[in-house]
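Chemist:
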Amino acid sequence: MTDITPFLKKLLTAPGLSGYEDPAAEIISACWTPLVQETSRGKAGSLHGIQRGTGASPRPSVMIATHMDAIGLMVTGISDSFLRLTDVGGVDPRVLPGTLVTVYASGAGTAHPIPGVVIQPPVRLLPPEIGLNPVPLEYLFVDTGLPRRQIEKIVRVGDLVSFAQPPIELSGETISGHTLDNRASVAALTVCLEELQSRPHVWDVWAVASAQEEVGAIGAIGSTFELRPSIAIVLDVTWAKGPGTNDWNSSPMGKGPTLCMGPNIHPALHKAMKDLADRLEIPYGLEYAPRHTGTDGYSTQVSAEGVPTLVMGIPLRYMHTPVEVVAVKDIQRAGRLLAEFIAGLSADFMEKITWDD
Amino acid sequence: MPTFGNAQLKLLEKLCNASAVSGDEGEVRKIILEELKGRGGDTRVDALGNVLVTHPGSGKKRLKVMLTAHMDEVGFMLVADDGEGLFRFETVGGMDIRQLPGKAVLVGKEHLPGVIGARPIHLTTAEELRQKIPLDALRIDIGPAGGKVFPGDRATFATRFQRNGPVLIAKALDNRLGIVTLLELFKNAPTNIDLLVAFTVQEEIGLRGARVAAYTFNPDLAITVDATPANDLPTWDGEENISYNTKLGLGPAIYIADSSTLCDPRLVRHLSETARLGKLPFQIRQPGGGGTDAGSIHMARAGIPSVSVSVPHRYSHTAASIARMDDWKNTYSLLQAALSRITPELLESGRA
Numbered sequence: 001m002t003d004i005t006p007f008l009k010k011l012l013t014a015p016g017l018s019g020y021e022d023p024a025a026e027i028i029s030a031c032w033t034p035l036v037q038e039t040s041r042g043k044a045g046s047l048h049g050i051q052r053g054t055g056a057s058p059r060p061s062v063m064i065a066t067h068m069d070a071i072g073l074m075v076t077g078i079s080d081s082f083l084r085l086t087d088v089g090g091v092d093p094r095v096l097p098g099t100l101v102t103v104y105a106s107g108a109g110t111a112h113p114i115p116g117v118v119i120q121p122p123v124r125l126l127p128p129e130i131g132l133n134p135v136p137l138e139y140l141f142v143d144t145g146l147p148r149r150q151i152e153k154i155v156r157v158g159d160l161v162s163f164a165q166p167p168i169e170l171s172g173e174t175i176s177g178h179t180l181d182n183r184a185s186v187a188a189l190t191v192c193l194e195e196l197q198s199r200p201h202v203w204d205v206w207a208v209a210s211a212q213e214e215v216g217a218i219g220a221i222g223s224t225f226e227l228r229p230s231i232a233i234v235l236d237v238t239w240a241k242g243p244g245t246n247d248w249n250s251s252p253m254g255k256g257p258t259l260c261m262g263p264n265i266h267p268a269l270h271k272a273m274k275d276l277a278d279r280l281e282i283p284y285g286l287e288y289a290p291r292h293t294g295t296d297g298y299s300t301q302v303s304a305e306g307v308p309t310l311v312m313g314i315p316l317r318y319m320h321t322p323v324e325v326v327a328v329k330d331i332q333r334a335g336r337l338l339a340e341f342i343a344g345l346s347a348d349f350m351e352k353i354t355w356d357d
Numbered sequence: 001m002p003t004f005g006n007a008q009l010k011l012l013e014k015l016c017n018a019s020a021v022s023g024d025e026g027e028v029r030k031i032i033l034e035e036l037k038g039r040g041g042d043t044r045v046d047a048l049g050n051v052l053v054t055h056p057g058s059g060k061k062r063l064k065v066m067l068t069a070h071m072d073e074v075g076f077m078l079v080a081d082d083g084e085g086l087f088r089f090e091t092v093g094g095m096d097i098r099q100l101p102g103k104a105v106l107v108g109k110e111h112l113p114g115v116i117g118a119r120p121i122h123l124t125t126a127e128e129l130r131q132k133i134p135l136d137a138l139r140i141d142i143g144p145a146g147g148k149v150f151p152g153d154r155a156t157f158a159t160r161f162q163r164n165g166p167v168l169i170a171k172a173l174d175n176r177l178g179i180v181t182l183l184e185l186f187k188n189a190p191t192n193i194d195l196l197v198a199f200t201v202q203e204e205i206g207l208r209g210a211r212v213a214a215y216t217f218n219p220d221l222a223i224t225v226d227a228t229p230a231n232d233l234p235t236w237d238g239e240e241n242i243s244y245n246t247k248l249g250l251g252p253a254i255y256i257a258d259s260s261t262l263c264d265p266r267l268v269r270h271l272s273e274t275a276r277l278g279k280l281p282f283q284i285r286q287p288g289g290g291g292t293d294a295g296s297i298h299m300a301r302a303g304i305p306s307v308s309v310s311v312p313h314r315y316s317h318t319a320a321s322i323a324r325m326d327d328w329k330n331t332y333s334l335l336q337a338a339l340s341r342i343t344p345e346l347l348e349s350g351r352a
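What follows is the structure, given as structure tokens:
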């Protein structure tokens, strides 16, 4: 297997906020083109790639959905030379002050990247009740340092603001950066596609980098409808154990991907994947989602006539901050497990996806 | 007159990217000593780690003029090893802990990368969101394999210097802007005065280096060069911002009073007159809080007439501060002109 880290680091530098995924889709498409027979963009913005199977037509198909969209910020107004903000996807305003960002200024035509910083105004310029408490997003600004006359020329309301934290390699083969949620999973899917180059598979494989997950798993709805897969496997990041996060709903980082259980997941698919991981001795954790998985699986399951769905996770620390952390090993293991699963899908596998009542 | 260009920017970049938390200023000291090498003058490092260098003048009656800029920056010290690459830490210097979550840091002499994370928003209650994240809930995470860093090691924000046209974005612009300014003033020292330059330690934790440097130099007068906040932002309710301290783009900020020093009026006058004569932009820093090395210098020995001049910059003591190239250049130009105009008569005039 080739080292996935350079691809992942490159992907982490692309903005691709929800609804504006093109910059990420272009990098992923270039990487996938030699690994799939065709790529295309879905109507809702997702990137689709197909690796055709060896089975007789019409073949069953598996869709692997990994969302490519990033959380970030958007300009809602300009005060003097300072940009007011709203969030795209869920951002804790308490991590924003001092965060380096890139403003994609559209006023002069095509979006032009400008470096800036999210800033917290001094206490005397804020409502007195805020004092030393966290400053709500409505009072934070982005400052580019440029003078007002220039800002008024180049920045428009609606311009996108992405995190600019460059990816960092930490010890123990871990990577930190923004948007590892969920480009770590896009990287795992890429590992899977590479593995499948040398593994014959009966089923068609739809590799999907889905759009707009962070604003309600929107892209996956369209992709599932367009592609009509026999089953859907959703790979997203999950909360890793770490500072401040040690409850039942967190999983250890570096100890393998998680297999999720709950109403969004078809139990037969879960069991098939778990049995496979046990047989191959690929480490994994079990994850429990009593209600909504908070992933594309929430959408794929109920698209069209309904699709049996499996949800897997890659444990990630500090989710939705600019310094998320993930273990490269978990990405590789998730990719390999997916490839093994796909290679093992027989022509009659759907007959095993039953309700064992 | 020499102008600020690429050479000075390169040096500023190198200095901003270096780590020099109060008490551990070695990296910046090393860069300064390299810059001073072969430039003449008597260079030494004193008991606290201040770099002291002198340039004697050649006129008959000369004042001994001390210039200071602090080398240290705010940052962190690791204080406990929780295992698996996680460390508890304390802040060094005045920092707002609301500025810490979600930032990348560099730890120890080897600059090992680390991050300060935060609990995912998905797992955070509405009540928690109203509270700031306490320092004891934060960790510096260098990755699960750990590394050769230990409690006692310092850490700084990992922000790398960037320039966008007229805009400089970096950590520690406070006070690497002052350091480069002093280096250039020393390299182009006027001969009408004895120039005594101190690159000081431990400013951010109580102006401690400057105190002993002033004793050692025993100057006739002192000028501190620092970076001061420009709080020139809109107010939340659209009212006029009446506590901006300084404004970006209006030039060097001359101090009249801060929380620790009433600047010598003769020196304030000398600086503002110099600016007017040279048609150089300047602003008076709003008298009020804050402070510089002048706070300890003006009380050294029998009292030393002191003044401060700062480059205005926004978001001091955070991961990323912002300054403008012109304000920095004009600070240098003002000081250069002011030094060359100093005569013994300056201190013989009245204080009123």
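Going down the list, the sequences are from chains A and B.
Position one of the first sequence corresponds to residue 1 (this note's numbering), numbered consecutively onward.
Position one of the second sequence corresponds to residue 1 (this note's numbering), numbered consecutively onward.
We put the beta carbon where it would ideally sit given N, CA and C, even for glycine.
Please read all numbers here as calculations on a predicted model, not as lab measurements.
1) Roughly how many whole angstroms lie between the Cα atoms of D22 (chain A) and R52 (chain A)?
2) If contact means a Cβ-Cβ distance below 9 angstroms, which residues of the region 90–117 of chain A contact chain B?
3) Which one or two residues does DSSP pair with P315 (chain A) in a beta bridge?
4) Could you round the C-beta distance between P229 (chain A) and H266 (chain A) to whole angstroms and report it? I think they count as a contact, below 8 angstroms.
5) I'd like to know whether the C-beta of L123 (chain B) is nearer than 8 angstroms to at least one C-beta of chain A.
6) Along chain B, which residues have their Cβ under 9 angstroms away from the Cβ of I119 (chain A)?
7) Please confirm whether V325 (chain A) has its beta-carbon closer than 8 angstroms to some beta-carbon of chain B.
8) For the alpha helix (DSSP H) containing K14 (chain B), list its first residue and its last residue.
9) Measuring only between beta-carbons, confirm whether Y288 (chain A) sits less than 8 angstroms from chain B.
10) My parser needs the beta strand (DSSP E) runs of 3 or more residues fully inside the region 136–216 of chain A; what are they?
11) In the DSSP assignment, the beta strand (DSSP E) including Q51 (chain A) goes from what residue to what residue?
12) Whole angstroms is fine: what's the gap from L441 (chain A)'s alpha carbon to L269 (chain A)'s?
13) Report yes if the C-beta distance between W358 (chain A) and M319 (chain A) is below 8 angstroms; otherwise report no.
14) If you check the beta carbons only, do A198 (chain B) and A213 (chain B) fall under 8 angstroms apart?
15) So does the region 150–167 of chain A actually touch the region 100–107 of chain A, counting three or more Cβ pairs closer than 8 angstroms?
16) What distance in whole Å lies between the Cβ atoms of A80 (chain B) and G102 (chain B), which are believed to be in contact at a cut-off of 8 angstroms?
17) Between the alpha carbons of E204 (chain B) and G165 (chain B), how many angstroms are there, rounded?
18) Measuring only between beta-carbons, confirm whether S171 (chain A) sits less than 8 angstroms from chain B.
19) Name the residues in the region 222–253 of chain A whose C-beta lies less than 9 angstroms from a C-beta of chain D; which are they?
20) Using 8 angstroms as the limit for Cβ to Cβ distance, is Q165 (chain A) near chain B?
21) Have a look at L140 (chain A) and K10 (chain A) and give me their C-alpha separation to the nearest angstrom.
22) Is it right to say R317 (chain A) is buried, meaning 16 or more other beta carbons lie within 10 angstroms of its own, or is it exposed?
23) Determine, using beta-carbon pairs with one atom in the region 281–296 of chain A and one in the region 204–219 of chain A, whether at least three such pairs fall under 8 angstroms.
24) On the DSSP bridge assignment, give the partners of I233 (chain A) in chain order.
25) To be precise: take each residue of the region 107–132 of chain B, compare its Cβ to all Cβ atoms of chain A, and keep it if any distance is under 8 angstroms. Which residues remain?
26) Between the C-alpha atoms of A137 (chain B) and P243 (chain A), what's the straight-line distance to the nearest angstrom?
27) Can you have a look at Y244 (chain B) and say buried or exposed, based on whether 16 or more other CB atoms are within 10 angstroms of its CB?
28) Runs of 3 residues minimum, wholly inside the region 221–301 of chain B: which ones carry the beta strand (DSSP E) assignment?
29) Just reading off the alpha helix (DSSP H) that I331 (chain A) is part of, what are its end residues?
30) What residues in the region 310–323 of chain A have a beta carbon less than 8 angstroms from any beta carbon of chain B?
Modeler: With the structure as the only source:
1) Distance between the alpha carbons of D22 (chain A) and R52 (chain A) is about 25 angstroms.
2) Taking a C-beta cut-off of 9 angstroms against chain B, the contacting residues of the region 90–117 of chain A are G90, V91, D92, P93, R94, V95, L96, P97, G98, T99, L100, I114, P115, G116, V117, listed in chain order.
3) According to DSSP, which records beta bridges pairwise, P315 (chain A) is partnered with A:T238.
4) Rounded, the Cβ-Cβ distance is 13 angstroms, inconsistent with contact.
5) Taking Cβ atoms only, chain A reaches closer than 8 angstroms to L123 (chain B), which makes this a yes.
6) The contacting residues are L233, R314, Y315, T318, A320, I322.
7) Yes, because at least one Cβ of chain B sits closer than 8 angstroms to the Cβ of V325 (chain A).
8) Run containing K14 (chain B): 6–17, per the alpha helix (DSSP H) assignment.
9) Residue contact with chain B for Y288 (chain A): absent (no Cβ-Cβ distance below 8 angstroms to any residue of chain B).
10) Whole beta strand (DSSP E) segments, 3+ residues: 141–143, 160–163, 168–170, 174–177, 204–210.
11) Taken as a continuous stretch (DSSP letters only), the beta strand (DSSP E) holding Q51 (chain A) covers 47–51.
12) With chain A covering 1 to 357 only, the question about residue 441 (chain A) has no answer from this structure.
13) In this structure chain A extends from 1 to 357, so residue 358 (chain A) is not present and cannot be described.
14) At a Cβ-Cβ threshold of 8 angstroms, A198 (chain B) and A213 (chain B) count as neighbours.
15) Contact annotation: the region 150–167 of chain A touches the region 100–107 of chain A, with at least three C-beta pairs closer than 8 angstroms.
16) Between G102 (chain B) and A80 (chain B), the beta carbon gap of about 21 angstroms keeps them out of contact (Cβ cut-off 8 angstroms).
17) Rounded to whole angstroms, E204 (chain B) and G165 (chain B) show a C-alpha spacing of 30 angstroms.
18) Output row for S171 (chain A): interface = yes.
19) Of the chains in the structure shown, none is chain D; the protein chains are A and B.
20) At a cut-off of 8 angstroms between C-beta atoms, Q165 (chain A) counts as an interface residue with respect to chain B.
21) Straight across, the Cα-Cα distance linking L140 (chain A) with K10 (chain A) is about 29 angstroms.
22) By the 10 Å Cβ count, R317 (chain A) comes out buried.
23) Yes, they touch.
24) According to DSSP, which records beta bridges pairwise, I233 (chain A) is partnered with A:I64, A:L310.
25) Closer than 8 angstroms at the C-beta level to chain A, one finds these residues of the region 107–132 of chain B: L112, P113, G114, V115, I116, G117, A118, R119, P120, I121, H122, L123, T124, L129, R130, Q131, K132.
26) Straight across, the Cα-Cα distance linking A137 (chain B) with P243 (chain A) is about 7 angstroms.
27) With at least 16 other beta carbons inside 10 angstroms of its own, Y244 (chain B) counts as buried.
28) Runs of the beta strand (DSSP E) inside the region 221–301 of chain B: 221–229.
29) That run of the alpha helix (DSSP H) goes 328–343.
30) Under the 8 angstroms Cβ criterion, the region 310–323 of chain A contributes R317, Y318, M319, H320, T321, P322, V323.
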